[in-house]
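Visitor: Before anything else, here's the structure in question.
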Amino acid sequence: MKIGIIGGGSIATFLLQSINVDRVLPHCTVESVLVRRPEVAEEWENRYGVNGYQDLNAFMDSGIDLVVEAATVQAVQEYAEKVIAKRKDLVIISVGALVDQELYQRLNDSCRQSGTRIMLPSGAIGGLDVIHSAMSSGQLESVSLTTRKPPLSLIGREVEIEEVVFEGTATEAISKFPKNINVAIVLSLAGLGSDKTTVKIVADPQATKNTHCIEAVGAFGRMTIQLENDPMPSNPKTSYLAALSVLSSLKKKTEYISIG
Ligand SMILES: NC(=O)C1=CN([C@@H]2O[C@H](COP(=O)(O)OP(=O)(O)OC[C@H]3O[C@@H](n4cnc5c(N)ncnc54)[C@H](OP(=O)(O)O)[C@@H]3O)[C@@H](O)[C@H]2O)C=CC1
Ligand SMILES: O=C([O-])CC(=O)C(=O)O
């Protein structure tokens with residue numbers, strides 16, 4: 010499978026290293042990257058043997074089968090429909106963009122018409138299979154997420170004692186923290202939707218990990234999952250698990266037996 014990556018940051022770098030250098034996915038190669046800075050394109054051409062582009066059309070015509078978005082919510086808004094229109098499967102990690110129900114619907118409709126697929130990795134959380142199962146009979150009552158990160162990641166400054174920086178719906182959370190709470194939207198899409206999924210975000214000066222605690226209640230019973238994620242050294246806002254989840258989505262795409 011020939012992959013194109015949109016984005017030049019920590020998840021993109023991780024994927025290039027894992028796929029093209031460490032060869033962890035034997036059936037996959039990253040062929041092309043779409044980045045904003047020419048110096049990144051040049052460096053990656055040399056280091057990872059990829060073709061670097063700044064122009065979306067040239068990137069899409071570079072012989073790739075599938076596109077991985079590893080950039081920003083805005084990049085999804087800008088590129089996702091164009092990628093699907095070119096009949097490329099798409100992996101989206103900046104899932105927050107899909108809080109926009111009209112965008113979600115347009116993407117869903119064009120995938121149905123063209124037979125193209127969009128994959129949303131589980132990102133920095135887990136338990137989406139449980140939420141999805143509970144929701145399949147409509148018997149999910151409540152879902153809440155409490156996220157705790159170092160203050161610099163969340164609010165760009167230090168605090169002395171922990172501070173609740175947000176409490177509300179997933180819809181409001183992603184508009185205020187688009188680089189920190191994409192997890193709330195994938196959780197919403199699996200479950201009750203972004204207006205009924207509640208989110209609390211805490212800036213914790215003691216935190217060395219990005220923690221996400223998910224609590225769900227329904228006819229199935231009760232689920233509590235606590236993730237204590239190591240941050241990516243190159244971007245502490247992002248948990249290492251989020252990068253691994255993209256790799257996992259790509260691996261699933263090459264397998265014939267699906268789990269979960
Ligand atoms: N679903 C989930 O659970 C999670 C989602 N995420 C999300 O994943 C995304 C990637 O994370 P990460 O790699 O850590 O982020 P980084 O900030 O390390 O990298 C983002 C990269 O995207 C590039 N970029 C921004 N806009 C565009 C564009 N229009 N076209 C091409 N490239 C663009 C930036 O370019 P430049 O260098 O020029 O600024 C930067 O290199 C983020 O949106 C993040 O919020 C992260 C963690 C968990
Ligand atoms: O990586 C994380 O812990 C969560 C994150 O940034 C996001 O969901 O946007």
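This note's numbering puts the first residue of the sequence shown at 10, with every later residue one more than the last.
Quick reminder that beta carbons are idealized off the backbone N, C-alpha and C, glycines included.
For clarity, every value in this text was computed on a predicted model and none was experimentally measured.
(1) Classify V152 as buried or exposed, calling it buried when 16 or more other Cβ atoms lie within 10 Å of its own Cβ.
(2) Please say whether I210 and F175 have beta carbons closer to each other than 7 Å?
(3) Per DSSP, what are the beta-bridge partners of A225 in this structure?
(4) Any heavy atom of ligand 1 inside 6 Å of the beta-carbon of S19?
(5) Determine, using beta carbons only, whether M144 and G200 come nearer to each other than 7 Å.
(6) Can you check whether the C-beta of L250 is within less than 7 Å of a C-beta belonging to chain D?
(7) Tell me the rounded alpha-carbon separation between L198 and T178.
(8) Could you give the residue range of the alpha helix (DSSP H) that holds N66?
(9) Is the segment 158–169 close to the segment 70–88, with three or more CB pairs under 8 Å?
(10) Tell me where the beta strand (DSSP E) around N244 begins and ends.
(11) Excluding the five sequence neighbours on either side, which residues of its own chain have a C-beta within less than 8 Å of the C-beta of T38, listed in chain order?
(12) Assign I194 to one of two classes, buried (16 or more other C-beta atoms within 10 Å of its C-beta) or exposed (fewer than that).
(13) Have a look at G61 and S142 and give me their C-alpha separation to the nearest angstrom.
(14) Taking a contact to mean a Cβ-Cβ separation below 7 Å, would you say S184 touches N219 in this structure?
(15) In the DSSP assignment, the alpha helix (DSSP H) including D118 goes from what residue to what residue?
(16) For K188, verify whether its CB is less than 6 Å away from any heavy atom of ligand 1.
(17) If you pair each beta-carbon of the segment 91–108 with each one of the segment 64–74, do three or more pairs fall below 8 Å?
(18) Quick check on DSSP: helix, strand or coil for R46?
(19) Count the other C-beta atoms from every protein chain shown that fall within 10 angstroms of the C-beta of P130, then say buried if there are 16 or more, exposed otherwise.
(20) So is V173 buried or exposed if we call it buried at 16+ other beta carbons inside 10 Å?
(21) With the cut-off set at 7 Å, would you say E15 and G136 are in Cβ contact?
(22) With hydrogens ignored, establish whether the beta-carbon of N66 is closer than 6 Å to any heavy atom of ligand 4.
(23) What does the alpha-carbon distance come out to for the pair R96 and G124?
(24) Find the nearest neighbour of V208 within the set A216, T217, P214, V192, judged by alpha-carbon distance.
(25) From E111 to P47, what distance separates their C-alpha atoms?
(26) List the endpoints of the continuous beta strand (DSSP E) containing K91.
(27) For the beta strand (DSSP E) that contains T22, what are its first and last residues?
(28) Measuring CA to CA, which of D64, L154, R121 is closest to Y88?
Guide: So, to answer that:
(1) Here the question's residue 152 lines up with position 143 in the sequence shown. Buried, by the Cβ-count rule.
(2) Mapped onto the sequence shown, residue 175 falls at position 166. Mapped onto the sequence shown, residue 210 falls at position 201. Yes. Within cutoff.
(3) Looking up residue 225 in the sequence shown gives position 216. V152, M232, per the DSSP bridge assignment.
(4) Reading the sequence shown from its first residue, position 10 is the one you call residue 19. Correct: S19 has its Cβ closer than 6 Å to ligand 1.
(5) Your numbering for residue 144 matches position 135 in the sequence shown. Your numbering for residue 200 matches position 191 in the sequence shown. Against a cut-off of 7 Å, the Cβ pair of G200 and M144 comes out as a contact.
(6) Judged by its chain identifiers, the structure shown contains no chain D, having just a single protein chain.
(7) Position 189 of the sequence shown, counting from 1, holds the residue named residue 198. Position 169 of the sequence shown, counting from 1, holds the residue named residue 178. Distance between the alpha carbons of L198 and T178: 13 Å.
(8) Taking the sequence shown and counting its residues from 1, one reaches residue 66 at position 57. It spans 65–69 - the alpha helix (DSSP H) in which N66 sits, taken as one unbroken run.
(9) no
(10) Position 235 of the sequence shown holds residue 244. 244–248 is the span of the beta strand (DSSP E), which, as asked, contains N244.
(11) Here residue 38 refers to the residue found at position 29 when the sequence shown is read from its first residue. So the list reads M10, K11, I12, I28, N29, once near-sequence residues are dropped.
(12) Translated into positions along the sequence shown, residue 194 becomes position 185. Buried is the call here.
(13) Within the sequence shown, the letter at position 52 stands for residue 61. Within the sequence shown, the letter at position 133 stands for residue 142. Distance between the alpha carbons of G61 and S142: 41 Å.
(14) As a first step, residue 184 must be located in the sequence shown, where it is residue number 175. As a first step, residue 219 must be located in the sequence shown, where it is residue number 210. The answer is no: Cβ separation not under 7 Å.
(15) By 1-based counting over the sequence shown, the position of residue 118 is 109. Where D118 is concerned, the enclosing alpha helix (DSSP H) stretches over 110–123.
(16) Taking the first residue of the sequence shown as 1, we reach residue 188 at position 179. Yes - ligand 1 has a heavy atom lying nearer than 6 Å to the Cβ of K188.
(17) yes
(18) Locating residue 46 in the sequence shown gives position 37, counting from the first residue. R46 falls in the coil class under three-state DSSP.
(19) On the sequence shown, residue 130 is found 121 positions in, with the first residue counted as 1. Its Cβ being crowded by 16 or more others within 10 Å, P130 is buried.
(20) Locating residue 173 in the sequence shown gives position 164, counting from the first residue. In this structure V173 is exposed. Its beta-carbon is surrounded by fewer than 16 other beta-carbon atoms within 10 angstroms.
(21) Numbered from its first residue, the sequence shown carries residue 15 at position 6. Numbered from its first residue, the sequence shown carries residue 136 at position 127. Inspection of the sequence shows that residue 15 is occupied by Ile rather than by Glu. Result no, Cβ atoms of I15 and G136 do not sit closer than 7 Å.
(22) Within the structure as shown, ligand 4 is missing, the only ligands being ligand 1 and ligand 2.
(23) One-based indexing of the sequence shown puts residue 96 at position 87. One-based indexing of the sequence shown puts residue 124 at position 115. About 8 Å.
(24) Counting from one through the sequence shown, the residue named residue 208 turns up at place 199. Among A216, T217, P214, V192, the Cα nearest to that of V208 is on V192.
(25) Numbered from its first residue, the sequence shown carries residue 111 at position 102. Numbered from its first residue, the sequence shown carries residue 47 at position 38. Whole-angstrom Cα-Cα distance: 33 Å.
(26) Sequence index remark: in the sequence shown, residue 91 carries index 82 (1-based). Taken as a continuous stretch (DSSP letters only), K91 belongs to no beta strand (DSSP E), being part of the alpha helix (DSSP H) at 82–94.
(27) Locating residue 22 in the sequence shown gives position 13, where the first residue counts as 1. Where T22 is concerned, there is no enclosing beta strand (DSSP E), although the alpha helix (DSSP H) it sits in stretches over 19–25.
(28) As a first step, residue 88 must be located in the sequence shown, where it is residue number 79. Of D64, L154, R121, the residue nearest in Cα terms is D64.
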